[in-house]
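**Student:**
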Amino acid sequence: MRFDAASRRERGLSLFAGGELFVAGLLAMPSFLFDPSLPFRAAQFFLFWFFVWAVGRKNSAIATLSVAAGIVAFNLIVP
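In short: position in the sequence shown from 1, add 400, done, that's our numbering.
1) If you pair each beta-carbon of the segment 413-420 with each one of the segment 459-468, do three or more pairs fall below 8 angstroms?
2) Please name the residue in Ser-431, Asn-475, Ala-468 and Val-455 whose C-alpha comes closest to that of Leu-421.
3) Taking Cβ positions, are Phe-434 and Arg-441 nearer each other than 8 angstroms?
4) With DSSP as the reference, label Pro-436 as helix, strand or coil.
5) How many Å lie between Gly-419 and Val-478 at the Cα?
In structure tokens form, the structure reads like this:
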């Protein structure tokens, strides 16, 4: 079994349609947004990141971390 991005993307597209992924994201969003537990949120984040990798999508760690750092920085600046 190959684990390169093209084969993962092809397999992911054969298993899940866009609408199904959209509904799954909508169903997962409340548990991610409204749970105050930071370790649980971190575990969900890495689980979602694994799912993105598993279906062959690209997700830049630098872009993700810079956006998160910007959000935290601007929340600290605003009184």
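Cβ atoms here follow ideal geometry from the backbone N, Cα and C, with glycine treated the same way. Note that the structure is a prediction, hence the values are computed from the model and not measured.
**Tutor:** According to the data block:
1) no
2) Val-455
3) no
4) coil
5) Rounded to whole angstroms, Gly-419 and Val-478 show a C-alpha spacing of 37 angstroms.
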